[in-house]
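Line by line, the protein sequences give chains A and B. Per this note's numbering, residue 1 is the first one in the first sequence, and the count goes up by one each step. Per this note's numbering, residue 1 is the first one in the second sequence, and the count goes up by one each step.
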Amino acid sequence: MNLEDLKKHWKLEQGSKSKDEILQLIAHRSESVSARNRRKALIEAGTFVLLLLVFFTGLDPERNSWLVNLFLVLVVMTGIVNNLLLYRKLLVNKRGDNLTQSLEKQIRAQWQQLQFSVLFSVLFFSAVFGFLLLRTEISGPEFWLIPLVFGLSIAIRSWFEIDKLKKSIRQLTLCQMELKAAGAKT
Amino acid sequence: MCRIYRDTSEDREDLFQEILFQLWKAWPSFRAEARVSSWMYKIALSTAIARFRKKTKQEEILREEMIPMQEEQNVHPEKERLYQAISLLSDADKAMISLYLDDYSYEEMADILGISINYVGVKLSRIREKLTQILNPQNHES
Chain A
1 MNLEDLKKHW
11 KLEQGSKSKD
21 EILQLIAHRS
31 ESVSARNRRK
41 ALIEAGTFVL
51 LLLVFFTGLD
61 PERNSWLVNL
71 FLVLVVMTGI
81 VNNLLLYRKL
91 LVNKRGDNLT
101 QSLEKQIRAQ
111 WQQLQFSVLF
121 SVLFFSAVFG
131 FLLLRTEISG
141 PEFWLIPLVF
151 GLSIAIRSWF
161 EIDKLKKSIR
171 QLTLCQMELK
181 AAGAKT
Chain B
1 MCRIYRDTSE
11 DREDLFQEIL
21 FQLWKAWPSF
31 RAEARVSSWM
41 YKIALSTAIA
51 RFRKKTKQEE
61 ILREEMIPMQ
71 EEQNVHPEKE
81 RLYQAISLLS
91 DADKAMISLY
101 LDDYSYEEMA
111 DILGISINYV
121 GVKLSRIREK
131 LTQILNPQNH
141 ES
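Here it is as structure tokens:
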């Protein structure tokens with residue numbers, strides 16, 4: 001089979017959508033992209049706010065140094081801002097870059113997000129553990145248990161984020177490498 | 001493009017809508033230096049490839065066995081076979097062959113993909129070989 005044969009098959013019953021069909025499709029699935037992502041960002045931001053409310057109304061923040069409390073607020077605010085920025089970064093190619101450039105930007109952005117996620121996990125659990133534990137004296141078996149729980153919490157959260165992003169980065173990198181092999185102009 | 005990059009009709013609808021969303025958002029930055037269709041292709045390809053979607057085990061098995069997940073209604077059987085064969089190619093190869101089949105020139109293909117124009121012909125002939133092998137495995141074995 002040559003390329004012209006392929007093209008001939010491709011042209012069979014070219015199924016383009018009418019304007020009405022497109023409008024119907026948009027109306028039918030209007031929840032699927034922007035609304036879904038906006039909802040996710042709002043839920044996560046809401047969870048952070050709720051966490052702050054619980055910590056500052058039910059867990060005696062006055063027993064902590066103001067620095068510990070401020071640290072928790074700053075870390076949680078960073079999480080909220082990152083979520084809102086992620087929502088704004090939903091655009092994959094707003095400048096109309098070619099595929100090679102667009103992939104490069106996507107990979108860079110996802111690596112940055114991965115690094116941020118790990119750093120944020122460390123900061124977040126440091127702030128939470130600091131808030132709950134710096135006001136009490138710890139001794140005995142708890143002294144060893146706490147670092148273990150602390151480490152595990154960071155590891156589990158980081159693992160989920162890394163797993164999700166690494167698969168996506170791997171897929172993008174594969175495509176980028178193939179384009180580079182075809183003389184991509186980077 | 002949605003038919004090539006996604007296996008199920010629901011995923012295709014999702015991708016189609018997402019491409020429209022991305023086009024709508026990117027439209028203010030469009031400069032009339034190239035054809036609108038080339039610009040649209042750049043956005044659509046970036047969206048289709050950048051949006052990672054984890055495949056279920058069942059989809060992987062069906063894909064490997066080349067069993068149509070949900071045959072499109074009113075699609076010619078030959079074209080359906082071609083769709084399936086193309087869906088087995090890599091993301092970069094899918095992009096190149098769909099541009100070729102949609103009658104883009106080598107120059108436009110190089111511009112949309114960001115690759116050297118000299119490689120377009122070479123790469124296309126390799127893709128053709130792969131597709132022939134997928135579509136006619138018995139001929140290739142003999």
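Virtual Cβ for every residue (Gly too), placed ideally from N, Cα, C. Since the model is a prediction, treat every value here as computed from it, not as a measurement.
Name, please, each residue of chain B whose Cβ falls closer than 9 angstroms to the Cβ of THR100(A).
Within chain B, the residues near THR100(A) are LEU113, GLY114, ILE115.
Kindly indicate the opening and closing residues of the alpha helix (DSSP H) around ASP163(A).
ASP163(A): member of the alpha helix (DSSP H) spanning 142 to 181, first to last residue.
Measuring only the C-alpha atoms, how far is GLU64(B) from ILE86(B)?
A caution first: GLU64(B) carries a pLDDT of 49, below 50, which makes its placement in the model too unreliable to give a value.
Hey, could you find the ends of the alpha helix (DSSP H) GLY46(A) is sitting in?
Counting along the chain, the alpha helix (DSSP H) containing GLY46(A) begins and ends at 36 to 58.
Can you look up LYS11(A) in the DSSP assignment and give me helix, strand or coil?
Here LYS11(A) sits in coil by DSSP.
Any idea what DSSP makes of ALA85(B), helix, strand or coil?
ALA85(B) carries a helical assignment under DSSP once its states are collapsed to helix, strand and coil.
If we cut at 7 angstroms on Cβ distances, does GLU129(B) have a partner in chain A?
So no, GLU129(B) is outside the interface.
Residue range of the alpha helix (DSSP H) that includes ASP102(B)
Where ASP102(B) is concerned, there is no enclosing alpha helix (DSSP H), given that its DSSP letter is neither H nor E.
Spatial neighbours of ILE97(B) within its chain, please: CB distance less than 8 angstroms, with the 5 preceding and 5 following residues excluded, ordered by chain position.
Answer for ILE97(B): ILE86, LEU89, LEU124, ILE127, LEU131, listed in chain order.
Looking at the unbroken alpha helix (DSSP H) that takes in ILE127(B), where does it start and where does it end?
For ILE127(B), the enclosing alpha helix (DSSP H) has its first and last residue at 117 to 135.
Chain B within 7 angstroms of TRP10(A), Cβ atoms only:
Taking 7 angstroms as the CB threshold, TRP10(A) lines the interface with chain B.
Please classify ILE67(B) as buried or exposed, where buried requires at least 16 neighbouring CB atoms within 10 angstroms.
Any reading at ILE67(B) needs caution, since the residue's pLDDT is 46, under 50, leaving its predicted position unreliable; the model's value is listed next. The residue is exposed, with fewer than 16 neighbouring Cβ atoms inside 10 Å.
For chain A, find out if any of its Cβ atoms is closer than 7 angstroms to the Cβ of LYS94(B); answer yes or no.
Output row for LYS94(B): interface = no.
Tell me whether LYS42(B) is buried or exposed, calling it buried when 16 or more other Cβ atoms sit within 10 Å of its Cβ.
Around the beta-carbon of LYS42(B), 16 or more other beta-carbon atoms lie within 10 Å, marking it buried.
N-terminal and C-terminal residue of the alpha helix (DSSP H) that PHE129(A) is part of
Note, PHE129(A): alpha helix (DSSP H), 99 to 133.
Answer yes or no: does any C-beta atom of chain B fall closer than 7 angstroms to that of LYS40(A)?
Contacts with chain B at 7 angstroms (Cβ-Cβ) do not include LYS40(A).
Backbone CA spacing between GLN176(A) and ALA92(B) [nearest angstrom]:
So the two alpha carbons sit approximately 8 angstroms from each other.
Buried or exposed by the 16-neighbour rule on C-beta atoms within 10 Å, applied to VAL122(B)
So VAL122(B) ends up on the exposed side.
Using 8 angstroms for Cβ pairs, my map puts SER29(B) next to ARG95(A). What's the rounded Cβ distance?
Confirmed, Cβ separation roughly 5 angstroms.
Whose C-alpha, out of ARG31(B), ALA110(B), ASP103(B), is nearest the C-alpha of LYS11(A)?
Across the set ARG31(B), ALA110(B), ASP103(B), the C-alpha of ASP103(B) shows the shortest separation from the C-alpha of LYS11(A).
Could you work out which residues of chain A lie near ILE43(B), taking near to mean beta carbons separated by less than 8 angstroms?
Correct list: VAL92, ASN93, GLY96.
Taking just the CA atoms, how far does SER105(B) sit from ARG170(A)?
Their Cα atoms are separated by approximately 30 angstroms.
Chain-ordered chain B contacts of LEU179(A) [CB-CB under 8 angstroms]
The contacting residues are ALA92, LEU113, GLY114, ILE115.
Could you list which residues in chain A have their beta carbon closer than 7 angstroms to that of LEU101(B), in chain order?
Under the 7 angstroms cutoff, chain A gives LEU6, LYS7, TRP10.
Using only the alpha-carbon positions, how far apart do GLN70(B) and LEU59(A) sit?
Confidence at GLN70(B) is low in this model, with a pLDDT of 48, below 50, so its placement is unreliable and the value that follows should be read with caution. C-alpha separation (whole angstroms): 54 angstroms.
Tell me the DSSP secondary structure of MET109(B) in three-state form.
The answer is helix: DSSP assigns MET109(B) an H, G or I state.
Contacts of MET106(A) in chain B (Cβ-Cβ under 8 angstroms)
As written in the sequence, residue 106(A) is Gln, which differs from the Met given in the question. Counting only Cβ-Cβ distances below 8 angstroms, GLN106(A) has contacts in chain B at SER46, ALA50, in chain order.
Counting Cβ pairs closer than 8 angstroms, one from the region 64 to 83 of chain A and one from the region 120 to 129 of chain A, do we hit at least three?
Flag = yes, the region 64 to 83 of chain A and the region 120 to 129 of chain A touch.
Is there contact between the region 107 to 123 of chain B and the region 18 to 38 of chain B, where contact requires at least three CB pairs shorter than 8 angstroms?
Yes, since at least three Cβ pairs between the region 107 to 123 of chain B and the region 18 to 38 of chain B fall closer than 8 angstroms, the two stretches touch.
Could you check what DSSP says for ALA44(B) in three-state terms: helix, strand or coil?
Shown here, ALA44(B) sits in a helix according to DSSP, grouped into three states.
Decide yes or no for the touch test of the region 146 to 154 of chain A against the region 95 to 111 of chain A: beta carbon pairs closer than 8 angstroms, at least 3 of them.
These segments do not touch.
Closer than 7 angstroms by C-beta to LEU101(B): which residues in its own chain qualify, once you throw out the five before and the five after it? Chain order, please.
Apart from the 5 residues on each side of it in sequence, LEU101(B) has no Cβ closer than 7 angstroms to any other Cβ in its chain.
Beta-carbon separation of CYS2(B) and LEU15(B) under 7 angstroms?
Contact: yes.
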